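Worksheet for the structure shown next.
Protein chains: 2
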Amino acid sequence: METRAHKVRSALRRQRVTINDVASELGMTKSTVSRALNGYPDISDTTRLRVREAARSLGYRPLANAQAIRTGRLRAIGLVLQLNEHDRHRPFLADFLAGISQAASEADWTVTVSTAASDEDTLRLLCKLADEHKADGFILPRTLWEDLRIAFLRGAKVPFVLYGRTRNSDGCAWFDISSEAATQEAVERLFALGHRRIGFVPGAERYTYARLRMEGYRAGLLKCGLAFDPDLVSEPALNRTDGAASADQLLNLATPPTALVCSVDRAALGAYEAAQNYNLQIGSDLSVISYDGIEEGELVAPKLTTFSADVRDAGRRLTALLIERINGAAPENLRQVLPATFVARGSHGPAMRTSAELATIISNAKRQVEE
Amino acid sequence: METRAHKVRSALRRQRVTINDVASELGMTKSTVSRALNGYPDISDTTRLRVREAARSLGYRPLANAQAIRTGRLRAIGLVLQLNEHDRHRPFLADFLAGISQAASEADWTVTVSTAASDEDTLRLLCKLADEHKADGFILPRTLWEDLRIAFLRGAKVPFVLYGRTRNSDGCAWFDISSEAATQEAVERLFALGHRRIGFVPGAERYTYARLRMEGYRAGLLKCGLAFDPDLVSEPALNRTDGAASADQLLNLATPPTALVCSVDRAALGAYEAAQNYNLQIGSDLSVISYDGIEEGELVAPKLTTFSADVRDAGRRLTALLIERINGAAPENLRQVLPATFVARGSHGPAMRTSAELATIISNAKRQVEE
DNA sequence: GAAGTTACCGAAACCGGTTTCGGCAAGCGG
DNA sequence: CCGCTTGCCGAAACCGGTTTCGGTAACTTC
Numbered sequence: 001m002e003t004r005a006h007k008v009r010s011a012l013r014r015q016r017v018t019i020n021d022v023a024s025e026l027g028m029t030k031s032t033v034s035r036a037l038n039g040y041p042d043i044s045d046t047t048r049l050r051v052r053e054a055a056r057s058l059g060y061r062p063l064a065n066a067q068a069i070r071t072g073r074l075r076a077i078g079l080v081l082q083l084n085e086h087d088r089h090r091p092f093l094a095d096f097l098a099g100i101s102q103a104a105s106e107a108d109w110t111v112t113v114s115t116a117a118s119d120e121d122t123l124r125l126l127c128k129l130a131d132e133h134k135a136d137g138f139i140l141p142r143t144l145w146e147d148l149r150i151a152f153l154r155g156a157k158v159p160f161v162l163y164g165r166t167r168n169s170d171g172c173a174w175f176d177i178s179s180e181a182a183t184q185e186a187v188e189r190l191f192a193l194g195h196r197r198i199g200f201v202p203g204a205e206r207y208t209y210a211r212l213r214m215e216g217y218r219a220g221l222l223k224c225g226l227a228f229d230p231d232l233v234s235e236p237a238l239n240r241t242d243g244a245a246s247a248d249q250l251l252n253l254a255t256p257p258t259a260l261v262c263s264v265d266r267a268a269l270g271a272y273e274a275a276q277n278y279n280l281q282i283g284s285d286l287s288v289i290s291y292d293g294i295e296e297g298e299l300v301a302p303k304l305t306t307f308s309a310d311v312r313d314a315g316r317r318l319t320a321l322l323i324e325r326i327n328g329a330a331p332e333n334l335r336q337v338l339p340a341t342f343v344a345r346g347s348h349g350p351a352m353r354t355s356a357e358l359a360t361i362i363s364n365a366k367r368q369v370e371e
Numbered sequence: 372m373e374t375r376a377h378k379v380r381s382a383l384r385r386q387r388v389t390i391n392d393v394a395s396e397l398g399m400t401k402s403t404v405s406r407a408l409n410g411y412p413d414i415s416d417t418t419r420l421r422v423r424e425a426a427r428s429l430g431y432r433p434l435a436n437a438q439a440i441r442t443g444r445l446r447a448i449g450l451v452l453q454l455n456e457h458d459r460h461r462p463f464l465a466d467f468l469a470g471i472s473q474a475a476s477e478a479d480w481t482v483t484v485s486t487a488a489s490d491e492d493t494l495r496l497l498c499k500l501a502d503e504h505k506a507d508g509f510i511l512p513r514t515l516w517e518d519l520r521i522a523f524l525r526g527a528k529v530p531f532v533l534y535g536r537t538r539n540s541d542g543c544a545w546f547d548i549s550s551e552a553a554t555q556e557a558v559e560r561l562f563a564l565g566h567r568r569i570g571f572v573p574g575a576e577r578y579t580y581a582r583l584r585m586e587g588y589r590a591g592l593l594k595c596g597l598a599f600d601p602d603l604v605s606e607p608a609l610n611r612t613d614g615a616a617s618a619d620q621l622l623n624l625a626t627p628p629t630a631l632v633c634s635v636d637r638a639a640l641g642a643y644e645a646a647q648n649y650n651l652q653i654g655s656d657l658s659v660i661s662y663d664g665i666e667e668g669e670l671v672a673p674k675l676t677t678f679s680a681d682v683r684d685a686g687r688r689l690t691a692l693l694i695e696r697i698n699g700a701a702p703e704n705l706r707q708v709l710p711a712t713f714v715a716r717g718s719h720g721p722a723m724r725t726s727a728e729l730a731t732i733i734s735n736a737k738r739q740v741e742e
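First to last, the protein sequences are chains C and F. Quick note on this note's numbering: the first sequence kicks off at 1 and runs consecutively. Quick note on this note's numbering: the second sequence kicks off at 372 and runs consecutively.
See the structure below:
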C-alpha cells in the first residue's frame, strides 16, 4: 500500500513541478515565491528576478484550478452556443470560435463551450456553468431584444459581454457591428442609383439585429425622402427558402420594388431563386444588397453585393472586452460598435426598369407558366 | 478595510454553499459529508441519506476545481480544433461540438476547446493545455496516418481518443466510421449497375481516412473482378474546385469512367460542374457516389447519392469513450467502428453509356467550345 | 463477562496555490 | 546611542475540497 502511494506520488512529482519545488530549490518559502511571481511590492527586485529565473528553468506553471480556489478566478471564459438552423451552417461558428480562442489563448485564458438546442436549454446550461463556476464570465452571441440570459446573469452578478445589443442595457458590455448603418447605407446607395421603390426583407424580430436593420431601412428611406410603405416590407426570412418566398411576395405587389435590401445573405440567395422564376436578371432587372458576407455569396451569378461582418474579429474583441469586464472595468466603458464593410459585387446596379415594367414582366412570366 | 473584506466574504458565502455549510448544518465534520456524498463504504446508510438530503436542500454543488487539486481529475475534456479549409464549412463543426457537449454535459463534464491554424499550432496548444492540466484528456479529430499529436500525448501519458484511426495504434482508443467499407460498397453498387470503368477521387493522403477509402476502392474492384487502373485515380480533392479539376482529369482519359467514387461530398459537387461543362447528365451519363452526407448534396440536381456519417453521434461516442479511458479503461477495449449509412439519391444509376460513347460526347463538347 | 471485531465517524493532514500577519534587520532622525 | 520607520521575508492561516488514520461504541464470541 505504501509502495503504491509512494509510486503515485513520485509519478505526479515527475509530471508536475509545484510552487514548493521552486521554493525548496531556492531555499525560500512558497509564500515568497508566490508573491514574487505575482508582482507583490514587498519582494525585492533581486529576489523577484531569482524566483522568476528559477521558475522558468524548472518549467513551473501554476495550476489555474489551484489558484482559483483561493482567488475565485479561473481565467476561463464561458460560451453557450445555441445551434439552431441559424448558426449550424456557414463558417460563422468556426470563425467566431477561432477569434475567441485565439484572443483567450494569447491572454492565457481558456474557453469552455457548451451547446444547447433551445432557449430553455441555453438558460439551464448557463445557470449550471455559472453555478459550478466553470467560467468567470460569458460571451452571449445572438442577443435578443428581450434576453433571459442577460436577466439571469445580471441577477447572478456574473460578468458577461454581448455580441449585439439589447433592450435594457443596464450593466451590459457589448460589441456589435452597426448593421443599422449598413442597412441605411444600402438604401441610400440604391436611391443614388435611381431606385425609388426599395423593398426590405427583415429578420426574425426577436433578435435585436433584426430590429436595428429595420430601423436602418426606415432611416435610409427618411434620408432619401422616400415614404415608408408597409407593403414593401416582406415576411421575415433567415434562410434561402423563406427568402425566396419573401422576395416573391414583394415582386407580386401591384407596383413591385426595383431593388431589395435583405437582412441576411441567406435570404438574399433565396431572392435570386424568386427572381429566376420570373426571368428577372439580378443586378439589372432587380438590384439586391444584403448583409453578412457569407462565402456562398461569391458562388452565385452575379455575385452578391453585401455588407460583410468580420466575425473572427468580433470574437477577438468580445474576448478582450470580457476579460476587462471580469477584471473589474465598468460595463459602460466596454461598448464598441464598428461599421460593416461594404463589398460591392454584381447584384446591385442602376435602376433599369420602372416598377410598372417589372410588373408587366412578372405577370407575363406567370401567364407563361400557366400555359 | 475589515468591513470591505467582510462584505466580500459574506457576499461569496451568499453565492456559494460549501461543504462546510452542509457539515455545520448537520452538525458533522466535512470529512463525513465528503465521504457520504462520494459513496465511501464506511458511512451508514442513514447518515448518507441525511447528508444527501441536506446537500440537495441547501443546493450544494462541489467545485470541480477544488476537487481537482486533490483528486487530480477535473472532469473536463479537451478539444483542439484545427480550422483549416477542410472544417470551416459545413455543419460538421456544429454537429460535432453538439454531440460532444451533450454527452459531456449529461455526464456532468465540461468541454474546453481551443482552435489552431496549423499543425504546429495544434501541437503547441495541446501541449499547453495538457501541461497546465486544463483537461483530463483529449479528443483528436481528423487523425493523420502519422500523427504527432498522438505521439505527444502518448509520451505525456495523457488520455485521448481518436476520431479516426492511425498507423501506430499502440495505446490508442478510437471511434471511426468505416468509410473503407462504404467506398467498397459504392464500387460494388456501381458494378452491379453495369459500370465497368469506375474512377476514384481520393482525399489528401496524410489523413488516415483517405488511405482507408483508397483501400476500400481497391477492395471493391477486387471483389468485382475489375483490374486496378492507376489512370482511374485522380489527383486528391477536398473541395469543389479541386473536385472539378479531378473529375475533369478523369473525364479526359481516352477511355473515361462511366462512374465516379468520390472520397468527400465537396469534391463530388465539383464533379457536377465538370460534368456540366461537357453537357453530361449526372445520374445517367455519369454516375457519382460519394461520402460524407453534407446538406449541400440535397440542393443540387440530381441530389447526390452518398454515404452519410452521423457526426453528432460520433461526438457523443467519442466523449463516452474518452471518459471511460480517463476512468482507467484499457484502450484496447475502447475501439468502435460503425458503418456509414447509404443514402440513395439521384446521382447514380445504371450505366447508360459506354466509355467510348462518353469520350465522343466529351470531345464533341470540347470542339464546340473551341468554335 | 472479558476479549476481539466491526461499523461508523471525527480529527487532522493534504492538494497547490494565495494572502495576512508579524518579526527581524537595516536605515534614518534626533 | 536610542527609538522609529521601512524593506523584506518567513510562518501560518486560508480556500474548498479529499483522504488517511485512529478512536469510540456496539456487537460478537467463547
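Beta carbons are placed, not taken as given, at the ideal position from N, Cα and C, and that holds for glycine. This one's a predicted model, so the numbers in the text were calculated from it and none came from an experiment.
Report all residues from its chain with a CB closer than 8 Å to the CB of E180/C; omit the five preceding and five following residues, and keep chain order. If you ignore the 5 residues before and after E180/C, its C-beta comes within less than 8 Å of the C-beta of L212, R213, E215, G216, A219, all in its own chain and listed in chain order.
Whole-Å CB distance - K69/C paired with L408/F, under 8 Å assumed: Residue identity differs from the one stated: residue 69/C is Ile in this sequence, not Lys. The pair is not a contact, with the Cβ atoms about 18 Å apart (cut-off 8 Å).
Could you tell me whether the Cβ atoms of Q102/C and T486/F are closer together than 8 Å? Taking 8 Å as the Cβ cut-off, Q102/C and T486/F qualify as a contacting pair.
Between W545/F, F571/F, A553/F, which lies nearest to F678/F when the distance is taken from Cα to Cα? Closest option to F678/F, judged by alpha-carbon separation, among W545/F, F571/F, A553/F: A553/F.
Residues of its chain near L640/F, where Cβ-Cβ distance is below 8 Å and the 5 sequence neighbours each way are ignored: Apart from sequence neighbours up to five positions away, the residues of its chain that approach L640/F with a beta-carbon distance below 8 Å are R611, G614, E667, G668, V671, L675, ordered along the chain.
Cα-Cα separation, G654/F to P573/F: In a straight line, the C-alpha of G654/F is about 20 Å away from that of P573/F.
Closer than 7 Å by beta-carbon distance: list the chain C residues that pair up with S472/F, in chain order. Neighbours of S472/F on chain C, chain order: V113, S114, T115.
Could you pull out every residue in the same chain whose Cβ sits closer than 6 Å to the Cβ of F191/C, ignoring the five residues on either side in sequence? C224, listed in sequence order.
When burial is assigned at 16 or more other CB atoms within 10 Å of the CB, is H377/F buried or exposed? Residue placement at H377/F is flagged as unreliable, the pLDDT there being 38, under the threshold of 50; the coordinate-derived value follows with that caveat. Residue environment for H377/F: exposed (fewer than 16 other C-beta atoms within 10 angstroms of its C-beta).
Taking just the CA atoms, how far does V388/F sit from M399/F? Here the alpha carbon of M399/F sits roughly 16 Å from the alpha carbon of V388/F.
In its own chain, which residues sit with a C-beta less than 7 Å from the C-beta of R380/F, not counting the 5 before and 5 after it? Caution is warranted here: a pLDDT of 41 is assigned to R380/F, below 50, making its placement in the model unreliable, and the coordinate value is therefore given only provisionally. There are no such residues.
Spatial neighbours of S34/C in its chain, beta-carbon cut-off 7 Å, leaving aside the 5 residues before and after: Cβ neighbours of S34/C within its own chain (closer than 7 Å, five residues either side excluded): I19.
Got a sec, what are the start and stop residues for the alpha helix (DSSP H) S402/F sits in? For S402/F, the enclosing alpha helix (DSSP H) has its first and last residue at 401 to 408.
Would you mind reading off the limits of the alpha helix (DSSP H) that contains L336/C? With the sequence shown as reference, residue 336/C is identified as Gln, and Leu is not the correct amino acid for it. Annotation: Q336/C is outside any alpha helix (DSSP H); the continuous beta strand (DSSP E) that includes it extends over 335 to 338.
Given that R584/F touches chain C, what residues does it touch there, using C-beta distances under 9 Å? Within chain C, no residue comes near R584/F; the closest Cβ sits about 24 Å away, beyond 9 Å.
In this structure, what does DSSP give as the bridge partners for D170/C? DSSP, once it has assigned bridges, lists no residue as partnering D170/C.
Within-8 Å CB hit, E146/C to chain F: Interface residue (Cβ-Cβ distance to chain F less than 8 Å): E146/C is not classified as such.
CB L657/F to CB A638/F, shorter than 8 Å? In this structure, L657/F sits away from A638/F, with a CB-CB distance that is not shorter than 8 Å.
Name the two residues that bound the continuous beta strand (DSSP E) containing G449/F. Segment 447 to 453, the beta strand (DSSP E) holding G449/F.
Check for me: the beta strand (DSSP E) holding I198/C runs from which residue to which? Per DSSP, I198/C belongs to the beta strand (DSSP E) from 198 to 201.
Measure the alpha-carbon distance for P607/F versus T579/F and round it to whole angstroms. For P607/F and T579/F, the distance between alpha carbons rounds to 14 Å.
DSSP beta-bridge partners of Y578/F: Its beta-bridge partners are L515/F.
Comparing the CB of F138/C with every heavy atom of the ligand GTP, is any distance shorter than 7 Å? Within the structure as shown, the ligand GTP is missing, as the structure has no ligands at all.
Hey, is E106/C's beta-carbon within less than 8 Å of any beta-carbon in chain F? So no, E106/C is outside the interface.
Specify the secondary structure class of G59/C as computed by DSSP and reduced to three states. Coil.
Taking 8 Å as the threshold, find out whether the region 699 to 712 of chain F comes into contact with the region 618 to 628 of chain F through three or more Cβ pairs. Verdict: no, contact absent.
Please go through the same chain and pick out, in chain order, the residues whose beta-carbon is closer than 6 Å to the beta-carbon of L651/F, but skip the five residues on each side of it. Contacts found: L657.
So K134/C contacts chain F; which residues on that side make the cut at Cβ distance below 8 Å? Ordered by position in chain F, the residues that pass the 8 Å Cβ test against K134/C are A435, T481.
Residue of L148/C, A314/C, A173/C minimising C-alpha distance to R332/C: It should be pointed out that residue 332/C corresponds to Glu in this sequence rather than to Arg. Selected option, being the one with the closest Cα: A173/C.
Beta strand (DSSP E) containing Y319/C: first to last residue? Per the sequence shown, the amino acid found at residue 319/C is Thr instead of Tyr. Not the beta strand (DSSP E): T319/C falls in the alpha helix (DSSP H), residues 311 to 326.
For A107/C, which three-state DSSP category applies? Of the three classes helix, strand and coil, the one that applies to A107/C here is coil, per DSSP.
Taking DSSP's pairing of strands, which residues face C633/F in a bridge? Beta-bridge pairing links C633/F to V572/F.
Who are the near neighbours of D379/C in its chain, counting only those whose CB is closer than 7 Å to its CB and skipping five residues on each side? Shown here, chain C extends from 1 to 371; a query on residue 379/C therefore has no answer.
Check the Cβ of R738/F against every Cβ in chain C and list those closer than 8 Å, keeping chain order. Against chain C, the beta carbon of R738/F has no neighbour under 8 Å; the closest one sits roughly 25 Å away.
If you measure beta-carbon to beta-carbon, which residues of the region 120 to 133 of chain C are closer than 9 Å to chain F? Result list: L125, K128, L129, D131, E132, H133.
By a C-beta neighbour count over all protein chains shown, 10 Å radius and 16 as the cutoff for buried, is L593/F buried or exposed? Exposed, because fewer than 16 other Cβ atoms sit within 10 Å of the Cβ of L593/F.
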